[in-house]
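*Asks:* 1 is the number of the first residue of the sequence shown in the UniProt record's numbering; add one for each residue after it.
Glycine included, every Cβ here is placed at the ideal spot set by N, Cα and C.
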Amino acid sequence: MASPQTTSTPPPSYTIPPFPFKDLLLGGPFGDWRDDFERDGYAVIPAIPRERALEYRERAFDWLEAAGHGFKRDDPSTFKQEHLPIYQRGGMYGGNAYGFGQCQFVWDIRTEPGVIAAFELLWGTSELVVSFDGGSLMLPGQAPKAGEDSSWQHIDQSPSRVGFFVAQGLVNLNDNGQEDGGLLVMKGSSRLMSKFFDLHGRPPIPADRIDWHKFSNEEKQWFIDQGCEWIKVDAGPGDLILWDSSTMHQNRPPSGQRDRMVTYVCMGPANLLTEKDKEVRKTAFAAKLGSSHTPFHGFFSFPMPSPLPSRPETGKPDEQYAVAADPRKETEQILKLAGVKPY
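The structure is reproduced here in structure tokens:
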């Protein structure tokens, strides 16, 4: 299925623009979760009532079943790639995958009052835009596919950016303990990130991944030597986990018998959008495409793969790749968060 394309690869000459809020979080204490965020690089915030979060989990299962490959939520024998939409790293679905990032249940999570309130408190404004992120729907027994790096600790922020840039987020839709997979963070790494790159150099900005840096084992050890530690973040259904984009992190598939269900949510001030950002957002929204975590200041959308990825069991392209099973409703609130309609 053909889809309109947007520019996903910035020009090689791309430079990091000045960012006006790089010192936003300095100067606490705040007396709330922002103190955890500033000190540790992450925070866990109750955002959605438990029962409603579990309803969203069921809607995620609805989406998996609607792909038409034989997945059944109550049949563990179908928890295999041959019965699922094509995923990455044990169950990650980008915002493009099957229109996931533009599904109604994903937008319903983004527009939850408690989710929006957390970003309003952080940024000091109610005029927000959101990234077109995907989610992780990780089932027991799933694992990264052959050839995928299972150790990919990284930051979603260019080494050339100094200070606070983006608050990345995920909304948890199931109980999430030590055996249930989840988010791993290098606690305290955000406070040392600028120092690390000052000492070790800032690599050139790649043409395909502006806000990204993967760490070597030696680089990770430097942070541990400074007193940082790896933390598996536990959370309950409806908890919003926010982390500084300069916090080293990765996800981990479940090792127990409980699924991990999350959607990614990243918001920021609408007034940071450039005219180019607005143009790309509108095109991506209309085409039901996804984006990077960054909702502003260099917004890039990811085009649908061309050719479409082949299903491993048949070797044939997955023609349902661009089909959303849960079409969104274009409300005024959604249009404003999408950056399509001004505040």
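1. CA-CA distance, P85 and D198?
2. Can you look up M304 in the DSSP assignment and give me helix, strand or coil?
3. Which term fits Y93, buried or exposed, when burial requires 16 or more other beta carbons within 10 angstroms of its beta carbon?
4. What do you get for Y343, buried or exposed, if any count of 16 or more other CB atoms within 10 angstroms of its CB means buried?
5. Taking C-alpha atoms, which residue in G298, P312, K329 lies nearest to W107?
6. Alpha carbons only, please: which of G201, C266, N271 is nearest the one belonging to T125?
7. Hey, could you find the ends of the alpha helix (DSSP H) T283 is sitting in?
8. Closest by CA to D208, which one among D225, S301, G169?
9. Alpha carbon to alpha carbon, how far is F165 from E38? Give it in angstroms, no decimals.
10. With burial defined as no fewer than 16 other Cβ atoms inside 10 Å of the residue's Cβ, what is the status of W152: buried or exposed?
11. Using 8 angstroms as the threshold, is the C-beta distance between V262 and S131 below it?
12. Name the residue from K232, G201, E218, G163 whose alpha carbon lies nearest to the alpha carbon of M186.
13. Please classify P203 as buried or exposed, where buried requires at least 16 other C-beta atoms within 10 Å of its C-beta.
14. Have a look at T247, H293, P237, Q88 and flag the residue whose alpha-carbon is nearest the alpha-carbon of Y264.
15. With a threshold of 6 angstroms on Cβ separation, who are the neighbours of Q142 within its own chain once the five nearest residues in sequence on each side are excluded?
16. Going by CA-CA distance only, name the one from Q81, D74, M248 that's closest to L192.
17. In this structure, does DSSP put T331 in helix, strand or coil?
18. Tell me the DSSP secondary structure of E221 in three-state form.
19. Going by C-alpha to C-alpha distance, which of V323, I155, K282 sits closest to K336?
20. Going straight from the alpha carbon of P305 to that of Y98, what length do you get?
*Replies:* With the structure as the only source:
1. 42 angstroms
2. coil
3. buried
4. exposed
5. K329
6. N271
7. 275-287
8. S301
9. 12 angstroms
10. exposed
11. no
12. K232
13. exposed
14. H293
15. G90, G91, P253
16. M248
17. coil
18. The displayed chain sequence assigns Gln, not Glu, to residue 221. Residue state, collapsed to three classes: helix.
19. K282
20. 11 angstroms
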